[in-house]
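Visitor: First the structure, which I've put down as C-alpha coordinates, then a few questions once you've had a look.
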Amino acid sequence: MKSDFADETYFAAAFPLPFRVLCLVGLGILGWAMNLHGLHIWNIDAPNTLELSLSAHDGRRLTSPLPTATGWRHAPAGPPPHRAVYKVFGVYAGWTLACWVVFRVATSADAALVDGFKFVPALAVLFVLTALVCPFDVLHKHERDRFLQAVHRCLFPSPHRVYFSDVVFADIFTSFAKVLGDVWLSVWMLLPSGSLLSQPSQDGLWRWVLPTIMSIPYAVRLRQCLVEYNAPANESRRPLFNALKYASSFPVIYLSAAQRLVVSDTIALKGEAAANQPWHGEHHLFRLWLLAAAFNSLYTFWWDVTNDWGLDLLRPKYATNASPRTSVPPRPLLLPRLHSRSPLIKRPESPLDEPEAEQLAYTNAERGPHPYGLRPTLLYPLPVYPFAILVDLVLRLTWSAKLSSHLHSYAEGDLIIFWIELAEVVRRWMWVFLRVEWETVKEVEAHAPRSPPPRLVVDRGDSYRDAIPEDAEFELVPSEQHGRGSDAG
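Residue 489 is where the sequence shown ends in the UniProt record's numbering, and the numbering goes up by one at each step.
Next up, the structure:
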(Lines of atoms letter the chains of each structure in order from A; the text may use other names.)
(Lines give C-alpha, C1' and ligand atoms only; values in the text may rest on other atoms or scores of the structure.)
Protein backbone atom coordinates (compact mmCIF):
# COMPACT_ATOMS: atom_id res chain seq x y z
CA MET A 1 0.00 0.00 0.00
CA LYS A 2 1.30 3.45 -0.88
CA SER A 3 2.39 5.69 1.92
CA ASP A 4 0.01 8.38 0.64
CA PHE A 5 -2.85 6.29 1.94
CA ALA A 6 -1.92 7.43 5.44
CA ASP A 7 -3.44 10.76 4.47
CA GLU A 8 -7.18 10.66 5.15
CA THR A 9 -8.08 12.93 2.26
CA TYR A 10 -6.23 10.78 -0.24
CA PHE A 11 -7.78 7.61 1.18
CA ALA A 12 -11.30 9.07 1.03
CA ALA A 13 -10.73 10.27 -2.54
CA ALA A 14 -9.25 7.00 -3.80
CA PHE A 15 -11.55 4.64 -1.89
CA PRO A 16 -14.67 6.51 -0.74
CA LEU A 17 -17.07 5.14 1.82
CA PRO A 18 -19.69 3.71 -0.61
CA PHE A 19 -17.03 1.57 -2.28
CA ARG A 20 -15.71 0.48 1.12
CA VAL A 21 -19.22 -0.71 2.00
CA LEU A 22 -19.48 -2.63 -1.27
CA CYS A 23 -16.05 -4.14 -0.66
CA LEU A 24 -16.93 -5.38 2.83
CA VAL A 25 -20.23 -6.84 1.62
CA GLY A 26 -18.36 -8.67 -1.14
CA LEU A 27 -15.88 -10.06 1.37
CA GLY A 28 -18.82 -11.26 3.44
CA ILE A 29 -20.20 -13.17 0.43
CA LEU A 30 -16.77 -14.64 -0.26
CA GLY A 31 -16.36 -15.59 3.39
CA TRP A 32 -19.69 -17.42 3.41
CA ALA A 33 -18.75 -19.34 0.26
CA MET A 34 -15.43 -20.28 1.84
CA ASN A 35 -17.25 -21.39 5.01
CA LEU A 36 -19.49 -23.76 3.07
CA HIS A 37 -16.55 -24.93 0.96
CA GLY A 38 -14.30 -25.54 3.96
CA LEU A 39 -16.99 -27.46 5.84
CA HIS A 40 -17.55 -29.54 2.72
CA ILE A 41 -13.82 -30.30 2.48
CA TRP A 42 -13.78 -31.39 6.12
CA ASN A 43 -16.75 -33.69 5.43
CA ILE A 44 -19.14 -31.77 7.66
CA ASP A 45 -22.65 -31.70 6.25
CA ALA A 46 -23.24 -27.96 6.59
CA PRO A 47 -26.60 -27.92 4.73
CA ASN A 48 -28.02 -30.39 7.25
CA THR A 49 -26.58 -28.72 10.33
CA LEU A 50 -27.46 -25.22 9.15
CA GLU A 51 -30.90 -26.40 8.01
CA LEU A 52 -30.38 -24.78 4.64
CA SER A 53 -32.70 -27.19 2.83
CA LEU A 54 -35.92 -25.32 3.46
CA SER A 55 -39.03 -25.50 1.37
CA ALA A 56 -39.72 -22.32 -0.53
CA HIS A 57 -43.42 -22.60 0.34
CA ASP A 58 -43.71 -23.58 3.98
CA GLY A 59 -40.14 -23.18 5.26
CA ARG A 60 -39.98 -26.78 6.46
CA ARG A 61 -36.79 -28.70 6.56
CA LEU A 62 -36.55 -31.14 3.67
CA THR A 63 -33.71 -33.20 5.07
CA SER A 64 -33.24 -33.89 8.72
CA PRO A 65 -31.09 -36.08 10.95
CA LEU A 66 -34.20 -36.64 13.09
CA PRO A 67 -37.48 -38.44 12.37
CA THR A 68 -40.55 -36.36 11.60
CA ALA A 69 -44.25 -36.99 11.93
CA THR A 70 -44.52 -37.77 8.22
CA GLY A 71 -41.47 -40.00 7.99
CA TRP A 72 -38.01 -39.34 6.67
CA ARG A 73 -37.45 -36.33 4.46
CA HIS A 74 -34.53 -36.40 2.04
CA ALA A 75 -33.25 -33.51 -0.02
CA PRO A 76 -32.54 -34.31 -3.65
CA ALA A 77 -28.90 -34.72 -4.46
CA GLY A 78 -27.35 -31.66 -6.04
CA PRO A 79 -24.13 -29.71 -6.35
CA PRO A 80 -22.54 -28.38 -3.14
CA PRO A 81 -24.09 -25.03 -2.14
CA HIS A 82 -20.77 -23.20 -2.07
CA ARG A 83 -20.46 -23.34 -5.85
CA ALA A 84 -23.50 -21.13 -6.35
CA VAL A 85 -22.27 -18.67 -3.72
CA TYR A 86 -18.90 -18.45 -5.46
CA LYS A 87 -20.72 -17.60 -8.69
CA VAL A 88 -22.70 -14.87 -6.93
CA PHE A 89 -19.47 -13.45 -5.56
CA GLY A 90 -17.88 -13.54 -9.01
CA VAL A 91 -20.69 -11.49 -10.55
CA TYR A 92 -20.79 -9.09 -7.60
CA ALA A 93 -17.01 -8.61 -7.46
CA GLY A 94 -16.74 -8.10 -11.20
CA TRP A 95 -19.36 -5.34 -11.21
CA THR A 96 -18.01 -3.60 -8.12
CA LEU A 97 -14.41 -3.72 -9.32
CA ALA A 98 -15.37 -2.38 -12.75
CA CYS A 99 -17.20 0.58 -11.18
CA TRP A 100 -14.30 1.35 -8.86
CA VAL A 101 -11.80 1.25 -11.74
CA VAL A 102 -13.96 3.68 -13.73
CA PHE A 103 -14.17 5.98 -10.72
CA ARG A 104 -10.44 5.73 -10.02
CA VAL A 105 -9.45 6.47 -13.61
CA ALA A 106 -11.89 9.38 -13.87
CA THR A 107 -10.79 11.06 -10.64
CA SER A 108 -7.15 9.94 -10.25
CA ALA A 109 -7.72 10.41 -6.50
CA ASP A 110 -7.98 14.16 -7.07
CA ALA A 111 -10.10 15.62 -4.28
CA ALA A 112 -11.38 18.33 -6.59
CA LEU A 113 -12.89 15.75 -8.98
CA VAL A 114 -14.28 13.21 -6.53
CA ASP A 115 -17.67 14.80 -5.88
CA GLY A 116 -18.16 15.42 -9.59
CA PHE A 117 -18.06 11.66 -10.27
CA LYS A 118 -19.93 10.43 -7.22
CA PHE A 119 -22.68 9.22 -9.54
CA VAL A 120 -20.41 6.23 -10.29
CA PRO A 121 -20.65 4.68 -6.80
CA ALA A 122 -24.32 5.65 -6.76
CA LEU A 123 -24.91 3.62 -9.92
CA ALA A 124 -22.89 0.74 -8.49
CA VAL A 125 -25.05 0.61 -5.36
CA LEU A 126 -28.28 1.07 -7.32
CA PHE A 127 -27.46 -1.83 -9.63
CA VAL A 128 -26.69 -4.14 -6.68
CA LEU A 129 -29.99 -3.30 -4.97
CA THR A 130 -31.93 -3.68 -8.21
CA ALA A 131 -30.32 -7.05 -8.92
CA LEU A 132 -31.08 -8.22 -5.39
CA VAL A 133 -34.84 -7.69 -5.70
CA CYS A 134 -35.11 -8.45 -9.42
CA PRO A 135 -38.12 -10.76 -9.94
CA PHE A 136 -36.74 -12.33 -13.14
CA ASP A 137 -34.86 -15.61 -13.19
CA VAL A 138 -31.46 -14.03 -13.83
CA LEU A 139 -28.32 -13.39 -11.79
CA HIS A 140 -28.72 -16.46 -9.56
CA LYS A 141 -32.30 -15.84 -8.50
CA HIS A 142 -32.39 -18.95 -6.29
CA GLU A 143 -29.56 -17.67 -4.10
CA ARG A 144 -31.01 -14.16 -4.03
CA ASP A 145 -34.40 -15.49 -2.92
CA ARG A 146 -32.83 -17.58 -0.17
CA PHE A 147 -30.99 -14.52 1.10
CA LEU A 148 -34.16 -12.41 1.13
CA GLN A 149 -36.06 -15.21 2.86
CA ALA A 150 -33.36 -15.37 5.54
CA VAL A 151 -33.60 -11.60 6.06
CA HIS A 152 -37.38 -11.87 6.35
CA ARG A 153 -37.18 -14.71 8.89
CA CYS A 154 -34.67 -12.77 10.98
CA LEU A 155 -36.69 -9.55 10.98
CA PHE A 156 -40.00 -11.35 11.51
CA PRO A 157 -39.13 -14.61 13.29
CA SER A 158 -41.62 -17.30 14.10
CA PRO A 159 -42.76 -17.16 17.74
CA HIS A 160 -42.31 -20.93 18.03
CA ARG A 161 -38.92 -21.79 16.56
CA VAL A 162 -35.70 -20.21 15.33
CA TYR A 163 -33.70 -22.12 12.72
CA PHE A 164 -30.01 -22.57 13.35
CA SER A 165 -29.23 -21.08 9.94
CA ASP A 166 -31.07 -17.91 11.00
CA VAL A 167 -29.04 -17.80 14.21
CA VAL A 168 -25.78 -17.96 12.25
CA PHE A 169 -27.06 -15.43 9.72
CA ALA A 170 -28.08 -12.98 12.45
CA ASP A 171 -24.72 -13.41 14.18
CA ILE A 172 -22.97 -12.62 10.90
CA PHE A 173 -25.29 -9.64 10.60
CA THR A 174 -24.01 -8.29 13.94
CA SER A 175 -20.48 -8.25 12.52
CA PHE A 176 -21.80 -5.90 9.84
CA ALA A 177 -23.40 -3.49 12.31
CA LYS A 178 -20.87 -0.75 11.56
CA VAL A 179 -21.19 -1.49 7.84
CA LEU A 180 -24.93 -0.99 8.19
CA GLY A 181 -24.24 2.40 9.75
CA ASP A 182 -21.88 3.19 6.88
CA VAL A 183 -24.75 2.51 4.47
CA TRP A 184 -26.70 5.29 6.18
CA LEU A 185 -23.74 7.67 5.95
CA SER A 186 -23.15 6.72 2.30
CA VAL A 187 -26.71 7.68 1.41
CA TRP A 188 -26.10 11.16 2.81
CA MET A 189 -22.77 11.42 1.00
CA LEU A 190 -24.30 10.50 -2.35
CA LEU A 191 -27.02 13.14 -2.10
CA PRO A 192 -26.42 16.37 -4.06
CA SER A 193 -25.72 18.26 -0.83
CA GLY A 194 -23.26 15.65 0.43
CA SER A 195 -19.57 15.02 -0.17
CA LEU A 196 -17.53 11.83 -0.44
CA LEU A 197 -14.61 13.51 1.31
CA SER A 198 -16.28 14.09 4.68
CA GLN A 199 -18.94 12.43 6.76
CA PRO A 200 -22.23 14.31 7.09
CA SER A 201 -22.83 16.13 10.34
CA GLN A 202 -25.45 14.54 12.54
CA ASP A 203 -26.86 17.20 14.83
CA GLY A 204 -29.87 17.25 17.09
CA LEU A 205 -32.01 14.15 17.00
CA TRP A 206 -30.19 12.97 13.86
CA ARG A 207 -27.23 11.97 16.02
CA TRP A 208 -29.29 9.07 17.38
CA VAL A 209 -30.23 7.67 13.95
CA LEU A 210 -26.80 6.15 13.27
CA PRO A 211 -26.56 4.26 16.60
CA THR A 212 -30.14 3.08 16.19
CA ILE A 213 -29.37 1.62 12.76
CA MET A 214 -26.25 -0.05 14.14
CA SER A 215 -28.39 -1.58 16.91
CA ILE A 216 -30.75 -3.38 14.53
CA PRO A 217 -28.65 -6.59 14.18
CA TYR A 218 -28.36 -6.89 17.96
CA ALA A 219 -32.08 -6.30 18.42
CA VAL A 220 -32.77 -9.06 15.89
CA ARG A 221 -30.49 -11.50 17.64
CA LEU A 222 -31.85 -10.48 21.06
CA ARG A 223 -35.38 -11.28 19.91
CA GLN A 224 -34.27 -14.67 18.63
CA CYS A 225 -32.85 -15.48 22.06
CA LEU A 226 -36.10 -14.48 23.75
CA VAL A 227 -38.07 -16.66 21.31
CA GLU A 228 -35.83 -19.61 22.19
CA TYR A 229 -36.19 -18.90 25.91
CA ASN A 230 -40.01 -18.73 25.73
CA ALA A 231 -40.32 -21.86 23.59
CA PRO A 232 -42.48 -24.51 25.32
CA ALA A 233 -39.77 -27.17 24.97
CA ASN A 234 -37.05 -24.99 26.52
CA GLU A 235 -36.00 -25.81 30.07
CA SER A 236 -32.74 -23.87 30.17
CA ARG A 237 -31.81 -20.31 31.04
CA ARG A 238 -29.01 -20.35 28.47
CA PRO A 239 -30.97 -18.32 25.87
CA LEU A 240 -31.56 -15.68 28.54
CA PHE A 241 -27.84 -15.33 29.25
CA ASN A 242 -27.25 -15.28 25.52
CA ALA A 243 -29.76 -12.43 25.24
CA LEU A 244 -27.74 -10.57 27.88
CA LYS A 245 -24.72 -10.74 25.58
CA TYR A 246 -26.53 -8.91 22.81
CA ALA A 247 -28.22 -6.50 25.19
CA SER A 248 -24.79 -5.46 26.46
CA SER A 249 -24.05 -3.98 23.02
CA PHE A 250 -26.70 -1.28 23.34
CA PRO A 251 -24.95 0.68 26.14
CA VAL A 252 -21.72 0.65 24.11
CA ILE A 253 -23.46 2.02 21.03
CA TYR A 254 -25.59 4.69 22.68
CA LEU A 255 -23.01 5.81 25.24
CA SER A 256 -20.66 6.29 22.33
CA ALA A 257 -23.21 8.55 20.64
CA ALA A 258 -23.48 10.48 23.91
CA GLN A 259 -19.75 11.22 23.91
CA ARG A 260 -20.47 14.49 22.10
CA LEU A 261 -21.77 15.72 25.43
CA VAL A 262 -18.45 14.68 26.92
CA VAL A 263 -16.57 16.67 24.28
CA SER A 264 -18.70 19.77 24.80
CA ASP A 265 -18.19 19.61 28.57
CA THR A 266 -14.46 19.07 28.11
CA ILE A 267 -14.19 22.07 25.78
CA ALA A 268 -15.97 24.22 28.35
CA LEU A 269 -13.42 23.20 30.99
CA LYS A 270 -10.15 22.85 29.02
CA GLY A 271 -10.68 24.80 25.82
CA GLU A 272 -10.74 23.84 22.15
CA ALA A 273 -7.41 21.99 22.34
CA ALA A 274 -9.03 19.16 24.31
CA ALA A 275 -11.68 18.45 21.65
CA ASN A 276 -9.48 16.09 19.59
CA GLN A 277 -8.25 14.04 22.54
CA PRO A 278 -9.74 10.52 22.58
CA TRP A 279 -9.33 10.11 26.36
CA HIS A 280 -11.65 11.94 28.76
CA GLY A 281 -11.36 9.76 31.82
CA GLU A 282 -12.55 12.44 34.22
CA HIS A 283 -16.07 12.48 32.74
CA HIS A 284 -18.64 10.05 34.15
CA LEU A 285 -20.19 9.30 30.72
CA PHE A 286 -16.78 8.36 29.36
CA ARG A 287 -16.16 6.03 32.30
CA LEU A 288 -19.58 4.41 31.79
CA TRP A 289 -18.81 3.86 28.12
CA LEU A 290 -15.42 2.34 28.99
CA LEU A 291 -17.03 0.01 31.55
CA ALA A 292 -19.74 -1.06 29.09
CA ALA A 293 -17.16 -1.66 26.36
CA ALA A 294 -14.99 -3.80 28.65
CA PHE A 295 -17.94 -5.89 29.85
CA ASN A 296 -19.22 -6.42 26.31
CA SER A 297 -15.83 -7.45 24.94
CA LEU A 298 -14.98 -9.90 27.72
CA TYR A 299 -18.47 -11.39 28.02
CA THR A 300 -18.75 -11.99 24.27
CA PHE A 301 -15.29 -13.57 24.19
CA TRP A 302 -16.22 -15.90 27.05
CA TRP A 303 -19.46 -16.84 25.30
CA ASP A 304 -17.68 -17.54 22.02
CA VAL A 305 -15.21 -19.94 23.60
CA THR A 306 -17.51 -21.64 26.09
CA ASN A 307 -20.93 -21.80 24.44
CA ASP A 308 -20.55 -21.14 20.73
CA TRP A 309 -17.48 -23.36 20.35
CA GLY A 310 -18.04 -25.73 23.29
CA LEU A 311 -14.48 -25.48 24.59
CA ASP A 312 -13.59 -26.04 28.24
CA LEU A 313 -10.95 -23.32 28.58
CA LEU A 314 -13.13 -20.78 30.41
CA ARG A 315 -15.75 -23.17 31.71
CA PRO A 316 -16.14 -23.19 35.52
CA LYS A 317 -14.48 -26.16 37.15
CA TYR A 318 -17.67 -27.43 38.74
CA ALA A 319 -19.40 -27.36 35.34
CA THR A 320 -16.49 -29.17 33.71
CA ASN A 321 -16.40 -31.85 36.38
CA ALA A 322 -20.15 -32.33 36.21
CA SER A 323 -20.28 -32.48 32.45
CA PRO A 324 -20.70 -36.06 31.27
CA ARG A 325 -19.02 -35.37 27.95
CA THR A 326 -15.75 -34.32 29.59
CA SER A 327 -15.66 -36.89 32.41
CA VAL A 328 -14.62 -39.71 30.08
CA PRO A 329 -11.67 -40.05 27.74
CA PRO A 330 -12.16 -38.99 24.14
CA ARG A 331 -13.98 -41.55 22.06
CA PRO A 332 -14.79 -42.03 18.40
CA LEU A 333 -17.95 -40.27 17.31
CA LEU A 334 -20.31 -42.91 15.90
CA LEU A 335 -22.49 -41.64 13.12
CA PRO A 336 -24.82 -44.40 11.95
CA ARG A 337 -26.68 -43.42 8.81
CA LEU A 338 -30.06 -44.04 10.39
CA HIS A 339 -31.92 -40.96 9.36
CA SER A 340 -30.45 -39.57 6.16
CA ARG A 341 -28.39 -40.58 3.20
CA SER A 342 -26.37 -37.46 3.98
CA PRO A 343 -24.85 -37.90 7.46
CA LEU A 344 -23.92 -34.83 9.44
CA ILE A 345 -20.25 -35.76 9.27
CA LYS A 346 -19.19 -37.57 6.14
CA ARG A 347 -16.05 -39.60 5.77
CA PRO A 348 -14.23 -40.60 2.59
CA GLU A 349 -15.43 -43.81 1.02
CA SER A 350 -14.24 -46.89 2.85
CA PRO A 351 -12.44 -49.58 0.88
CA LEU A 352 -14.87 -52.05 2.43
CA ASP A 353 -18.16 -52.53 0.64
CA GLU A 354 -20.40 -51.49 3.57
CA PRO A 355 -22.64 -48.70 2.31
CA GLU A 356 -24.76 -48.68 5.45
CA ALA A 357 -21.97 -49.06 8.01
CA GLU A 358 -21.57 -46.48 10.72
CA GLN A 359 -19.30 -43.51 10.02
CA LEU A 360 -16.40 -42.56 12.21
CA ALA A 361 -15.72 -38.87 12.71
CA TYR A 362 -12.22 -37.60 13.25
CA THR A 363 -11.49 -37.21 16.93
CA ASN A 364 -8.44 -36.94 19.07
CA ALA A 365 -9.13 -40.32 20.62
CA GLU A 366 -5.96 -41.73 19.12
CA ARG A 367 -3.94 -39.11 20.97
CA GLY A 368 -5.35 -39.91 24.39
CA PRO A 369 -7.12 -37.37 26.64
CA HIS A 370 -7.96 -34.11 24.93
CA PRO A 371 -5.65 -31.13 25.43
CA TYR A 372 -6.36 -28.70 28.23
CA GLY A 373 -9.12 -26.24 27.49
CA LEU A 374 -10.55 -28.00 24.44
CA ARG A 375 -13.07 -30.83 24.21
CA PRO A 376 -13.02 -34.57 23.49
CA THR A 377 -14.37 -34.39 19.94
CA LEU A 378 -12.37 -32.25 17.54
CA LEU A 379 -13.12 -32.20 13.83
CA TYR A 380 -10.28 -29.84 12.83
CA PRO A 381 -6.51 -30.08 13.34
CA LEU A 382 -5.43 -29.30 16.88
CA PRO A 383 -3.53 -26.02 16.13
CA VAL A 384 -6.74 -24.45 14.81
CA TYR A 385 -8.28 -24.10 18.26
CA PRO A 386 -5.63 -22.16 20.23
CA PHE A 387 -5.09 -19.94 17.20
CA ALA A 388 -8.82 -19.23 16.96
CA ILE A 389 -9.03 -18.45 20.68
CA LEU A 390 -6.15 -15.99 20.49
CA VAL A 391 -7.47 -14.23 17.38
CA ASP A 392 -10.96 -14.03 18.83
CA LEU A 393 -9.65 -12.44 22.03
CA VAL A 394 -7.63 -9.79 20.22
CA LEU A 395 -10.40 -8.88 17.79
CA ARG A 396 -13.10 -8.94 20.44
CA LEU A 397 -11.15 -6.27 22.31
CA THR A 398 -11.43 -4.05 19.21
CA TRP A 399 -15.17 -4.73 19.09
CA SER A 400 -16.05 -1.62 21.06
CA ALA A 401 -14.01 0.62 18.78
CA LYS A 402 -16.01 -0.73 15.85
CA LEU A 403 -19.28 0.03 17.60
CA SER A 404 -18.19 3.42 18.93
CA SER A 405 -19.03 6.06 16.38
CA HIS A 406 -17.40 8.86 18.38
CA LEU A 407 -13.94 7.39 17.69
CA HIS A 408 -14.38 7.74 13.94
CA SER A 409 -13.91 11.50 13.88
CA TYR A 410 -10.32 11.51 15.06
CA ALA A 411 -7.28 11.66 12.81
CA GLU A 412 -6.88 8.68 10.48
CA GLY A 413 -10.24 7.41 11.69
CA ASP A 414 -11.52 6.22 8.31
CA LEU A 415 -8.49 4.08 7.54
CA ILE A 416 -8.31 2.55 11.01
CA ILE A 417 -12.03 1.82 11.18
CA PHE A 418 -11.93 0.19 7.75
CA TRP A 419 -9.19 -2.18 8.89
CA ILE A 420 -11.15 -2.95 12.07
CA GLU A 421 -14.24 -3.74 10.03
CA LEU A 422 -12.18 -5.94 7.75
CA ALA A 423 -10.69 -7.76 10.74
CA GLU A 424 -14.18 -8.32 12.14
CA VAL A 425 -15.29 -9.93 8.88
CA VAL A 426 -12.30 -12.28 9.10
CA ARG A 427 -13.06 -13.06 12.75
CA ARG A 428 -16.66 -13.91 11.93
CA TRP A 429 -15.52 -16.10 9.03
CA MET A 430 -13.34 -18.05 11.44
CA TRP A 431 -16.12 -18.14 14.06
CA VAL A 432 -18.56 -19.81 11.64
CA PHE A 433 -16.29 -22.84 11.17
CA LEU A 434 -16.10 -23.61 14.88
CA ARG A 435 -19.74 -22.71 15.53
CA VAL A 436 -21.05 -25.11 12.90
CA GLU A 437 -18.58 -27.77 14.03
CA TRP A 438 -19.80 -27.56 17.64
CA GLU A 439 -23.46 -27.67 16.57
CA THR A 440 -22.73 -30.77 14.49
CA VAL A 441 -20.98 -32.49 17.39
CA LYS A 442 -23.85 -31.64 19.75
CA GLU A 443 -26.49 -33.01 17.37
CA VAL A 444 -24.61 -36.24 16.77
CA GLU A 445 -23.77 -36.83 20.44
CA ALA A 446 -27.35 -36.07 21.48
CA HIS A 447 -28.76 -38.70 19.13
CA ALA A 448 -25.93 -41.21 19.11
CA PRO A 449 -27.16 -44.66 20.24
CA ARG A 450 -25.94 -45.84 23.60
CA SER A 451 -25.91 -49.41 22.28
CA PRO A 452 -24.71 -50.81 18.96
CA PRO A 453 -26.84 -49.37 16.18
CA PRO A 454 -29.51 -51.64 14.72
CA ARG A 455 -28.88 -53.32 11.41
CA LEU A 456 -30.68 -51.57 8.60
CA VAL A 457 -32.23 -53.07 5.53
CA VAL A 458 -33.68 -51.44 2.46
CA ASP A 459 -37.20 -52.34 1.39
CA ARG A 460 -38.64 -52.10 -2.09
CA GLY A 461 -39.63 -48.50 -1.49
CA ASP A 462 -35.95 -47.65 -1.02
CA SER A 463 -36.57 -46.40 2.52
CA TYR A 464 -34.68 -47.34 5.66
CA ARG A 465 -36.26 -49.52 8.32
CA ASP A 466 -35.07 -51.68 11.19
CA ALA A 467 -34.31 -55.31 10.48
CA ILE A 468 -36.95 -57.68 11.84
CA PRO A 469 -35.58 -60.37 14.18
CA GLU A 470 -36.20 -63.92 13.06
CA ASP A 471 -37.84 -64.90 16.37
CA ALA A 472 -40.17 -61.89 16.47
CA GLU A 473 -43.82 -62.57 17.27
CA PHE A 474 -46.66 -60.72 15.60
CA GLU A 475 -50.16 -59.90 16.72
CA LEU A 476 -53.00 -58.83 14.43
CA VAL A 477 -54.61 -55.59 15.54
CA PRO A 478 -57.46 -53.63 13.98
CA SER A 479 -56.32 -50.87 11.65
CA GLU A 480 -57.22 -47.29 12.50
CA GLN A 481 -56.93 -46.18 8.87
CA HIS A 482 -59.85 -46.04 6.47
CA GLY A 483 -59.99 -46.80 2.79
CA ARG A 484 -58.74 -49.68 0.74
CA GLY A 485 -55.97 -50.50 3.21
CA SER A 486 -58.40 -51.05 6.09
CA ASP A 487 -60.94 -52.98 4.01
CA ALA A 488 -58.50 -55.62 2.85
CA GLY A 489 -58.75 -59.00 4.60
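Ideal Cβ placement from N, Cα and C applies to all residues, glycine included.
When the Cα of Leu-30 is compared with those of Gly-90, Phe-19, Gln-199, which residue comes out closest?
Guide: Closest option to Leu-30, Cα to Cα, is Gly-90.
Visitor: Quick check: the segment 14-34 against the segment 202-210, are at least 3 beta-carbon pairs closer than 8 Å?
Guide: Segments in contact, no.
Visitor: Quick one: residues in its chain with C-beta nearer than 8 Å to the C-beta of Asp-137, no 5 flanking neighbours on either side, listed in chain order?
Guide: There are no such residues.
Visitor: Taking only the alpha-carbon atoms, compute the straight-line gap between Leu-222 and Leu-244 and give it to the nearest angstrom.
Guide: Spanning the two alpha carbons is a distance of roughly 8 Å.
Visitor: Going by the CB atoms, is the gap between Phe-164 and Leu-50 shorter than 7 Å?
Guide: Contact flag set, yes.
Visitor: Give me the Cα-Cα distance between Leu-197 and Arg-207, rounded to the nearest whole angstrom.
Guide: Each residue's alpha carbon lies about 19 Å from the other.
Visitor: Beta-carbon within less than 7 Å of Ile-213's beta-carbon, same chain only, minus the 5 sequence neighbours each way: which residues are those?
Guide: Cβ neighbours of Ile-213 beyond the five flanking positions: Leu-180, Gly-181, Trp-184.
Visitor: Taking the alpha helix (DSSP H) that Gln-149 falls in, what are its first and last residues?
Guide: Start and end: 141-155.
Visitor: Would you decide whether Pro-135 is buried or exposed? Buried here means 16 or more other CB atoms lie within 10 Å of its CB.
Guide: Label assigned to Pro-135: exposed.
Visitor: From which residue to which residue does the alpha helix (DSSP H) around Gly-204 run?
Guide: No alpha helix (DSSP H) holds Gly-204; DSSP gives it neither H nor E.
Visitor: What span of residues does the alpha helix (DSSP H) with His-160 cover, start to end?
Guide: No alpha helix (DSSP H) holds His-160; DSSP gives it neither H nor E.
Visitor: Short check: CB of Ser-236 to CB of Arg-428, under 7 Å?
Guide: No; because the gap between Cβ atoms is not below 7 Å, this pair is not in contact.
Visitor: Is Ile-253 closer than 7 Å to Ser-297 when the C-beta atoms are compared?
Guide: Their beta carbons are not under 7 Å apart, which means Ser-297 does not touch Ile-253 by this criterion.
Visitor: Using DSSP with H/G/I as helix, E/B as strand and the rest coil, what is Trp-429?
Guide: Note: Trp-429 maps to helix in three-state DSSP.
Visitor: Which runs of the alpha helix (DSSP H), 4 residues or longer, sit entirely within the segment 375-399?
Guide: List check, alpha helix (DSSP H) in window: 384-397.
Visitor: Can you round the beta-carbon distance between Ala-46 and Arg-161 to whole angstroms, since I take them to be within the 8 Å contact cut?
Guide: So it is not a contact: roughly 20 Å between Cβ atoms.
Visitor: For Asp-182, report the span of its alpha helix (DSSP H) as first-last.
Guide: It spans 177-190 - the alpha helix (DSSP H) in which Asp-182 sits, taken as one unbroken run.
Visitor: Can you name, in chain order, every residue of its own chain whose Cβ lies under 7 Å from the Cβ of Glu-228, other than the five neighbours on each side?
Guide: So the qualifying residues of the chain are Val-162, Asn-234, Pro-239.
Visitor: Between which residues of its own chain and Gly-310 is the CB-CB distance below 6 Å, once the five residues before and five after are set aside?
Guide: Cβ within range, chain order: Arg-375, Trp-438.
Visitor: Taking the beta carbon of Ser-249 as the centre, do at least 16 other beta carbons fall within 10 Å, making it buried, or is it exposed?
Guide: When all chains shown are included, Ser-249 counts as buried.
Visitor: For Asn-242, does the three-state DSSP call read helix, strand or coil?
Guide: Helix, per DSSP.
Visitor: Alpha carbon to alpha carbon, what distance is there between Trp-302 and Pro-242?
Guide: It should be pointed out that residue 242 corresponds to Asn in this sequence rather than to Pro. Asn-242 and Trp-302: Cα-Cα distance of roughly 11 Å.
Visitor: Taking Cβ to Cβ, would you say Leu-139 is nearer than 7 Å to Ala-131?
Guide: Yes. Within cutoff.
Visitor: Contact between the segment 152-160 and the segment 31-44 is defined here as three or more beta-carbon pairs at a separation below 8 Å; is this criterion met?
Guide: The segment 152-160, when compared against the segment 31-44, does not touch it at the 8 Å Cβ threshold.
Visitor: Going along the chain, which residues of its own chain have a beta-carbon closer than 8 Å to the beta-carbon of Asp-166, five neighbours each way excluded?
Guide: Answer for Asp-166: Ala-150, Arg-153, Cys-154, Pro-157, Gln-224, listed in chain order.
Visitor: Does the separation of the CB atoms of Ala-111 and Ala-13 fall below 7 Å?
Guide: Yes, the Cβ-Cβ distance between Ala-111 and Ala-13 is below 7 Å.
Visitor: Going by other Cβ atoms of all chains shown within 10 Å of its Cβ, with 16 needed for buried, is His-142 buried or exposed?
Guide: The residue is exposed, with fewer than 16 neighbouring Cβ atoms inside 10 Å.
Visitor: Who are the near neighbours of Thr-306 in its chain, counting only those whose CB is closer than 6 Å to its CB and skipping five residues on each side?
Guide: Closer than 6 Å at the Cβ level, and outside the excluded window around Thr-306, lie Leu-314, Arg-315.
Visitor: Helix, strand or coil for Phe-103? Go by DSSP, reduced to three states.
Guide: Three-state DSSP puts Phe-103 in a helix.
Visitor: Is the distance from the Cβ of Phe-103 to the Cβ of Val-120 below 7 Å?
Guide: Yes, Cβ-Cβ distance for Phe-103 and Val-120 is below 7 Å.
Visitor: Quick one: grab the DSSP three-state call for Phe-15.
Guide: DSSP places Phe-15 in coil when its eight states are reduced to three.
Visitor: Does DSSP put Lys-442 in a helix, in a strand, or in coil?
Guide: Reduced to three states, the DSSP call for Lys-442 is helix.
Visitor: Suppose the cutoff is 7 Å on Cβ atoms and the five residues either side in sequence are ignored; what does the same chain contact list for Asp-171 look like?
Guide: So the list reads Arg-221, once near-sequence residues are dropped.
Visitor: Measure the alpha-carbon distance for Phe-433 versus Ala-446 and round it to whole angstroms.
Guide: Computed Cα separation, rounded: 20 Å.
Visitor: Using the C-alpha atoms, what's the distance from Leu-422 back to Phe-11?
Guide: Taking the straight line from one Cα to the other gives about 16 Å.
Visitor: To the nearest angstrom, how far is the alpha carbon of Leu-382 from that of Val-128?
Guide: C-alpha separation (whole angstroms): 41 Å.
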